[in-house]
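Here's the structure, in structure tokens; my notes come after.
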Amino acid sequence: MTRTVPAPSCHGDAPAAVLGGLPTVALVGSPNSGKSTLFNSLTGRSRTVGNWPGTTVEVGRARWQAGDAELELLDLPGASSLDGESPDEQLTRQLLRDVPDLQRPDLCVVVADAAHLARGLYLVAELREETGRVVVALTMRDVAASRGIEIDVDALGRALGATVVPIDPRQRQVEGLATACREALAAPRPPARSVSPLADDDEFAAAEERLSWVDAATGTAVRAGDGAVRTLSDKVDRWATSPVAGPLLFLAVMWAVFQVTTTVAAPLQNLLGSLFSGPVTSLVQGAFGLVGLRGSALDLFVVNGLVAGVGMLLTFVPLMALVFTLLALLEDSGYMARGAVVTDRLMRRIGLPGKAFLPLVVGFGCNVPAISATRIMGDARHRLMTALLVPFTSCSARLTVYVLLSATFFPDHAGSAVFVLYLMSILVVVGVGLGLRSTLWRSVGGERLVLDLPPYQRPTLHVTVAVAKMRVVAFLREATGLIVATVAAVWALQAVPVRGGASFGHVAPADSLFAAVCRAVAVVFAPLGFGDWHTTGALLTGFVAKEAVISSWAQTYAAADPTAGLAPDQLQSAVSGAFHASSGGATSAAVWAFLVFLLAYTPCVATLGAQRREIGLRWTAFSVALSLGVAYVLALAVFQVGRLL
Amino acid sequence: MSSPLRAVLDAFAADAHSLAEVQQATGLRADVVESAVEQLVRLGRLDREQVGAGCTTGGCGGCGSSPDAGGSCGSAHSAGSGPVLVALSIRRTA
Ligand SMILES: Nc1nc2c(ncn2[C@@H]2O[C@H](COP(=O)(O)OP(=O)(O)O)[C@@H](O)[C@H]2O)c(=O)[nH]1
């Protein structure tokens, strides 16, 4: 690291000590140590704040009447080391160390946060490497006390070789500081602390020495809460992040989320469903009747395509809103960070790069940003491997299909069924990860992560609502944009007849081009138990986005019965019939096979786009093949084993 | 006995998952561990990544404007002041 700074000049950028002719006192300290609060309470309104000449760094400056002494007070920018590289830290270094002795402030007051004492004292260690007066102003003692930290101020002062003054700048309890500063200024400048000589550019050794000094100086003077006065956060974390109870708690929480979602949202969903299939459909049909277009191609498109397909998707809005709100609550409370520890433990145990968990966790929300998030990984092979794993994380779009099918086939255990699918998603990620590691990337080692957990907090309404709202809006945007386009495409394909005797738009869905293509592909799915053309059609459109599975189903079944829109229960019985027929009676096995296939195959075109950007076309193609292969093999296994049970 | 800075670095290389575990492994006070981490990040020995819980786009890594997910991400455009998870790892020297 370079330490070049412009040589100080006696003109222009005037150093601190020559301003105003008064003794100069500089306030220094880490960000958030309470420095500005102190500066304001010492100087009242008389201060000026402006950029330091030649920089964009703000420095406050004011007269300070410290008892009978008038002093010039400088509020230097926050810095936690004199060696830092931020502009703030560079200026602090320039004013405190790089200028000749005489131009330095006459006294440095280090504002140190008692709850993060070593951080603040690191600066003291640096300043005391040279002669110079230092006074330590100890803030945040109330916070420290609440964590069971007790500080013996006198003992600390002796160890540091500097007076330590406890203050609370918010209460203006700062008298002691004025006295300490006057006394320090009256005394000769104390000698530097003794530091055994180090290699000049060995910054690590320098930092090591300073922190050791701080640790030794605080060792006897500070009593940290030892077990007895642990914060509640620590106590909870003891087992929220422990190797056994941690994962169990995490799973229980996730199960509860899905349980609550499926039971609470179901009635709302039915209500919305009957709204679309009833009043909305009649209204639209009535409108077409008025303009004499009843029964026209446009009418059919709007009623059987848009209202049935997109409307069905919109019935999921309450459900999605609920899931997003619950997850936002968990995030905002700080619990999700504990889930990260649990996940990280798993990643490490199976030898996957630790940092991979960051994108993978994001993937459970949406795969697209998760693919971009692989960029944080330094190692190119780790990045590639993670980008191949992300599509197996079950994004929230897949949830809509899980819920529809679970509610249809396992109405009493819908929440648990959804939960099982999420578990499977984790298992597939782990399994494929291990597979890739033992074939393509033998040398990929586990990379260790240490997590700095934020304390638990009471979730705030506005953050939770804002986060949930943003995600619901994203869901709506997808439903009204991409899905509308997909519905239109499917509708057009359904309107093209493949047999003679029918004209465009007037063809039974089963005789359409769409059905013909799907029927051809459906052969492939026959061994999996869902070789029905409607089901296959839903999976094909699911390539565009998983929400399209729902709209496509609703659309193909609605078109078969052009007299009415489709209520959710009608759709459910239609889907149920299809699974029953295509599985030869082993309906449950076929449904599970379908769900597993849906979980594992290519999530959506947007993910493919993101993959292309991050890992290139060839690896994206590999990813598609991998996803389809894994999905097919797993679904085959599930159906073939399941139907024997 | 190794210095606090070295001890913290060693704990990272060993089996710690959270700062609480680093603290247990080293026997150091929380504030000393915190200061050690701050200096190790400054010295380029540790990487620091924020997993911005509030970022609705899904974490800071997903944010195109922040390729290295440095300091400002997570505060600048998160929906509020949700708790921020920070992931630390030993920087690999190429
Ligand atoms: N609890 C507590 N809060 C304090 C104390 N001193 C300052 N604060 C608060 O800590 C926050 C950060 O203080 P500030 O002066 O902006 O820190 P700076 O970044 O060092 O300038 C503010 O909200 C202050 O009100 C203290 O002794 N105890």
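Chains as they are written, first to last, in my numbering: chain A, 1 to 645; chain B, 1001 to 1094.
Quick reminder that beta carbons are idealized off the backbone N, C-alpha and C, glycines included.
Note down the Cα distance separating E208(A) from V260(A), rounded to an integer number of angstroms.
-> Cα to Cα, E208(A) sits roughly 52 Å from V260(A).
With a floor of 4 residues, list each alpha helix (DSSP H) that falls wholly inside the segment 392 to 427 of chain A, ordered by position along the chain.
-> Complete alpha helix (DSSP H) runs here, min 4: 396 to 409.
CB contact flag (R1091(B), V222(A), <8 Å) | No, they are not a contact pair.
Does the beta carbon of T408(A) come closer than 8 Å to any beta carbon on chain B?
-> Closer than 8 Å to the CB of T408(A) there is not a single CB belonging to chain B.
Counting contacts by CB-CB distance shorter than 8 Å, is K35(A) in contact with chain B?
-> Cβ-Cβ to chain B under 8 Å: no for K35(A).
Same chain, Cβ closer than 7 Å to G339(A), neighbours up to 5 away in sequence not counted = F250.
8 Å contact criterion, which F204(A) and L1043(B) should meet: CB distance rounded | Rounded to the nearest angstrom, the Cβ distance from F204(A) to L1043(B) is 6 Å, consistent with a contact under 8 Å.
Under a Cβ-count criterion, where at least 16 other Cβ atoms within 10 Å of its own Cβ denotes burial, should P197(A) be classed as buried or exposed?
-> Here P197(A) is exposed, its C-beta having fewer than 16 other C-beta atoms within 10 Å.
Give me the Cα-Cα distance between S194(A) and R133(A), rounded to the nearest whole angstrom.
-> One Cα belongs to S194(A), the other to R133(A), and the distance between them is close to 15 Å.
Say yes only if the C-beta of G44(A) is nearer than 7 Å to one or more non-hydrogen atoms of ligand 1, and no if none qualify.
-> When distances are taken from the beta-carbon of G44(A) to the heavy atoms of ligand 1, even the shortest one reaches 7 Å or more.
For review: beta carbons within less than 6 Å of any heavy atom in ligand 1 = Any heavy atom of ligand 1 within less than 6 Å of a residue's beta carbon puts that residue on the list, which reads G29(A), P31(A), N32(A), S33(A), G34(A), K35(A), S36(A), T37(A), G78(A), T139(A), M140(A), D142(A), V143(A), D168(A), P169(A), R170(A).
CB contact flag (T607(A), P318(A), <8 Å) | Taking 8 Å as the cut-off, the beta carbon of T607(A) is found no closer than this to the beta carbon of P318(A).
Residue span of the alpha helix (DSSP H) that contains D234(A), given as start and end = Run containing D234(A): 232 to 240, per the alpha helix (DSSP H) assignment.
What's the gap between the Cα of Q640(A) and the Cα of A589(A)?
-> The alpha-carbon atoms of Q640(A) and A589(A) are separated by roughly 8 Å.
Test: R398(A) CB closer than 8 Å to a CB of chain B = False, the Cβ-Cβ gap to chain B never drops below 8 Å.
Within its chain, find whatever has a CB closer than 6 Å to the CB of L453(A); leave out the 5 residues flanking it on each side and keep chain order.
-> Same-chain partners within the cutoff: A337.
Output the distance between the C-alpha atoms of F530(A) and Q1023(B), rounded to the nearest integer angstrom.
-> Straight-line measurement puts the Cα of Q1023(B) at about 54 Å from the Cα of F530(A).
Which chain B residues sit within Cβ distance under 8 Å of D237(A)?
-> Think of a sphere of 8 Å around the beta carbon of D237(A): the chain B residues whose beta carbon falls inside it are S1018, A1020, in chain order.
Identify the residues that DSSP records as bridge partners of Q173(A): which are they?
-> As a beta-bridge residue in DSSP terms, Q173(A) pairs with D168(A).
Which parts of the segment 111 to 151 of chain A are runs of the beta strand (DSSP E), unbroken and 3 residues or longer, counting only runs that do not cross its ends?
-> Listed in chain order, they are 133 to 139.
Which chain A residues sit within Cβ distance under 9 Å of Q1024(B)?
-> Those within 9 Å of Q1024(B) in chain A number zero; the least Cβ separation is about 11 Å.
Measure the C-alpha to C-alpha separation of T556(A) and Q285(A) and round it to an integer number of angstroms.
-> Straight across, the Cα-Cα distance linking T556(A) with Q285(A) is about 19 Å.
C-alpha gap between L645(A) and L436(A), whole angstroms | Spanning the alpha carbons of L645(A) and L436(A) requires a straight line of approximately 31 Å.
Any idea if S333(A) is buried or exposed, counting beta-carbon neighbours within 10 angstroms, 16 or more meaning buried?
-> By the 10 Å Cβ count, S333(A) comes out buried.
Alpha carbon to alpha carbon, what distance is there between R477(A) and G50(A)?
-> Distance between the alpha carbons of G50(A) and R477(A) is about 46 Å.
Proximity to A516(A) [Cα-Cα], best of G505(A), H506(A), T393(A), T536(A) | When each option's Cα is compared against that of A516(A), the closest is T536(A).
Does E126(A) get closer than 8 Å to chain B when you measure Cβ to Cβ?
-> No, E126(A) lies away from the interface with chain B (no Cβ there is under 8 Å from its Cβ).
Is DSSP giving R61(A) helix, strand or coil here?
-> Shown here, R61(A) sits in a strand according to DSSP, grouped into three states.
Are the CB atoms of V450(A) and L1088(B) nearer to each other than 8 Å?
-> Cβ atoms of V450(A) and L1088(B): closer than 8 Å.
Excluding the 5 residues preceding and the 5 following S627(A) in the sequence, name in chain order all residues of the same chain whose CB lies nearer than 7 Å to its CB.
-> These residues qualify, in order along the chain: P391, A600, Y601, T602.
Can you give me, in chain order, the residues of the segment 111 to 122 of chain A that have a beta carbon less than 7 Å from any beta carbon in chain B?
-> Result list: H116, L117, A118, R119, Y122.
Buried or exposed for H506(A), please, with buried defined as at least 16 other CB atoms from any protein chain shown within 10 angstroms of its CB.
-> So H506(A) ends up on the exposed side.
R223(A) bridges to which residues according to DSSP?
-> E150(A), per the DSSP bridge assignment.
D1031(B) CB to nearest chain A CB: under 8 Å?
-> D1031(B) counts as touching chain A.
Helix, strand or coil for N51(A) per DSSP?
-> N51(A) sits in a strand when the DSSP states are folded into three classes.
Bridge partner(s) assigned by DSSP for D1031(B) = Partner(s): none; D1031(B) has no beta bridge.
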